[in-house]
Ligand code: UDP
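In this note's numbering, the protein residues as written are 137 to 375.
Given below as C-alpha cells:
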C-alpha cells in the first residue's frame, strides 16, 4: 500500500487550461486527463476539493475595461467558474465518479448551495467536491476562494497547477537564466514580488498556515507523485 503524504487536498485549476481551440467549447481532453488523475487519487483514499477558475471565458477586470461596472463584471466572471465546474462535474459523472458541485450563491437546480457540513459529508462518502462561483463577492479571484475553501476544509495542502514547473526567480519564458525555487516562505514571495498568485490570496494562506505547492500540470502523473510524496516537485511555499 502506497504511503499517502496528503490525505485531503485543495486543487486549483485555472480557467486557461480549459480553453478550447473550437469556438464555444471546452478542452475536454484536458478535463479527461485531469479526471483520470483525480480518479487515481480517490482510489488511494485522498479527499479532493477542486476550485476551477473562469479565465477561459470571462474575467471581471477585462469586462470592466469595456466600461461595465465591476460588480456585474465580477458576477459574469464567477458565472464562468460555474460553467467550467459543471463541465468537469458532468464529465466526472460520465466516468461514473462520485462528485458534488457547490456554489457560494443560490443557483437552484444547477449547483448545491455551499455548506461546510454538506461538503464534509461528501468527502466522507468518497465524493470529489467541486467549488464554484468563487467567494460569491466581487474583487476577489478564484485563488482567494481556493485559499478560503482550503482553510475551511482543513486541506493538508493547496495545490496550484500551472503551465511551468513552479516559481522562478524571473519569467522562464523570456529569461533563460531564471532559476526554479524548490521552497519559499510566504514572505519571500511577497518581498521578492514573485508572480505566484494575487497577494490577497497569499496573505490568506499565510495567516492560516495553508501550505501551497505550485507545480506543472502537464505531467500526466503529477498529482499521484505529489500525494505519494515523490519530491522534489514544483515549489513548496510555507511559513
Ligand atoms: N471572481 C470574483 N470573486 C471571486 C472569484 C472570482 O469576482 O471570489 C471573478 C473575477 O471577475 C475573476 C473571475 O471571477 O476574474 C474568474 O476567476 P479567476 O480570474 O480567478 O479565474 P482564473 O484566472 O483562475 O481562470
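Positions of the beta carbon are idealized from the N, C-alpha and C atoms, including for glycine.
Model, not experiment: these values are computed from the prediction.
From residue i to residue j, what distance separates their C-alpha atoms?
i: residue 152; j: residue 297; result: 11 Å
i: residue 326; j: residue 337; result: 11 Å
i: residue 143; j: residue 154; result: 26 Å
i: residue 208; j: residue 138; result: 47 Å
i: residue 387; j: residue 274; result: Not covered by the structure: residue 387. The range shown for the chain is 137 to 375.
i: residue 232; j: residue 263; result: 11 Å
i: residue 244; j: residue 229; result: 19 Å
i: residue 370; j: residue 348; result: 10 Å
i: residue 299; j: residue 324; result: 21 Å
i: residue 224; j: residue 161; result: 13 Å
i: residue 312; j: residue 357; result: 26 Å
i: residue 345; j: residue 191; result: 27 Å
i: residue 265; j: residue 247; result: 11 Å
i: residue 194; j: residue 306; result: 27 Å
i: residue 373; j: residue 319; result: 6 Å
i: residue 328; j: residue 205; result: 33 Å
i: residue 157; j: residue 352; result: 21 Å
i: residue 282; j: residue 308; result: 25 Å
i: residue 368; j: residue 350; result: 11 Å
i: residue 355; j: residue 257; result: 31 Å
i: residue 272; j: residue 365; result: 34 Å
i: residue 375; j: residue 150; result: 24 Å
Do residue j and residue i count as a contact pair if the criterion is CB distance below 8 Å?
i: residue 189; j: residue 217; result: yes
i: residue 267; j: residue 186; result: yes
i: residue 315; j: residue 322; result: no
i: residue 317; j: residue 177; result: no
i: residue 145; j: residue 295; result: yes
i: residue 363; j: residue 180; result: yes
i: residue 293; j: residue 255; result: no
i: residue 270; j: residue 240; result: yes
i: residue 199; j: residue 219; result: no
i: residue 278; j: residue 148; result: yes
i: residue 164; j: residue 227; result: yes
i: residue 250; j: residue 259; result: no
Can you say whether residue i is buried or exposed, counting buried as having 16 or more other CB atoms within 10 angstroms of its CB?
i: residue 173; result: buried
i: residue 221; result: buried
i: residue 302; result: buried
i: residue 284; result: buried
i: residue 335; result: exposed
i: residue 182; result: buried
i: residue 236; result: buried
i: residue 291; result: buried
i: residue 202; result: exposed
i: residue 341; result: buried
i: residue 261; result: exposed
i: residue 280; result: buried
i: residue 310; result: exposed
Is it the case that the CB of residue i approaches a heavy atom of the ligand PLP more closely than 7 Å?
i: residue 194; result: Of the ligands one can find in the structure shown, namely the ligand UDP, none is the ligand PLP.
Checklist line | Uninterrupted alpha helix (DSSP H) stretches inside the region 253-300 (no shorter than 4 residues) | finding: 278-288
Notebook entry, point to check: Can you list every residue whose CB sits closer than 5 Å to some heavy atom of the ligand UDP, going in chain order?
Noted result: 150, 151, 189, 190, 191, 195, 196, 210, 213, 214, 270, 271, 274, 276, 277, 278 and 281
Notebook entry, point to check: Taking only runs of the beta strand (DSSP E) that begin and end inside the region 189-255, which ones reach a length of at least 3 residues, in chain order?
Noted result: 235-239
Checklist line | Length-filtered (4 minimum) alpha helix (DSSP H) runs lying within the region 314-362 | finding: 322-327 and 335-343
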